[in-house]
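What follows is a single structure, written as structure tokens, with notes after it.
Numbering (the working numbering), first residue to last: 54 to 263.
Structural data, given as structure tokens:
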């Protein structure tokens, strides 16, 4: 199962590290919609994604959320790493976007492995780099793109993850992740449908052309 992690960033974990991961890691299978982490929670384990997709979100005081980025096969969450190393409470929400298989690593191993294994250090730093890029794209999207452009970008990314061009989301769920209203999303989706870009179906959106 560790081989699925080894190929993500083109590097390989040392045999000794793989043995440690197998010894202390706990395999966890979760179904789509499972909330793995909530704001204010102390982090005891760090997830490594073997298969499936997790979505990482922020939530304001009113309960409105914003999608930050996705975690896919071979990835981990940089914000979770920060909480682990600093013994801080989580500032994010992590939800399984699809059925997923994870390895849960005890946080006490984070610092030791960073000092002991070069491949783990590279994995951690590369994870930070990728997540920072994702966060910058999210900030740029909010700051510089109109809502219709943000919606198209969102649909393209969802379509890529689903692999079948079908996004199993209601209008309200899409609005929730883009931090806007259902009315706005419904109007923009109708516009895209009239243009022949998508097909709106019950509780899902089918991508036709982007």
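Idealized CB from N, CA, C, for every residue including glycine.
In this text, all values refer to a predicted model and were calculated from it rather than measured experimentally.
Could you tell me the alpha carbon to alpha carbon distance between residue i and residue j, rounded to whole angstroms?
| i | j | result |
| --- | --- | --- |
| residue 216 | residue 259 | 11 Å |
| residue 205 | residue 103 | 28 Å |
| residue 113 | residue 190 | 20 Å |
| residue 184 | residue 151 | 20 Å |
| residue 172 | residue 73 | 13 Å |
| residue 256 | residue 179 | 36 Å |
Start and end of the beta strand (DSSP E) containing residue i?
| i | result |
| --- | --- |
| residue 122 | 118 to 124 |
| residue 114 | Neither: residue 114 is in no beta strand (DSSP E) and is coded neither H nor E. |
Compare the Cα-Cα distances from residue i to each of the options and report the closest residue.
| i | options | result |
| --- | --- | --- |
| residue 162 | 99, 248 and 233 | 99 |
| residue 121 | 192, 141, 182 and 219 | 192 |
| residue 239 | 187, 223 and 230 | 223 |
| residue 87 | 95, 78, 176 and 153 | 153 |
| residue 117 | 250, 227 and 165 | 227 |
| residue 149 | 247, 219, 176 and 81 | 81 |
In the structure shown, what three-state DSSP assignment does residue i receive?
| i | result |
| --- | --- |
| residue 170 | coil |
| residue 216 | coil |
| residue 141 | coil |
| residue 225 | helix |
| residue 84 | coil |
| residue 186 | helix |
Over what stretch of residues does the alpha helix (DSSP H) that includes residue i continue unbroken?
| i | result |
| --- | --- |
| residue 239 | 235 to 247 |
| residue 74 | 68 to 77 |
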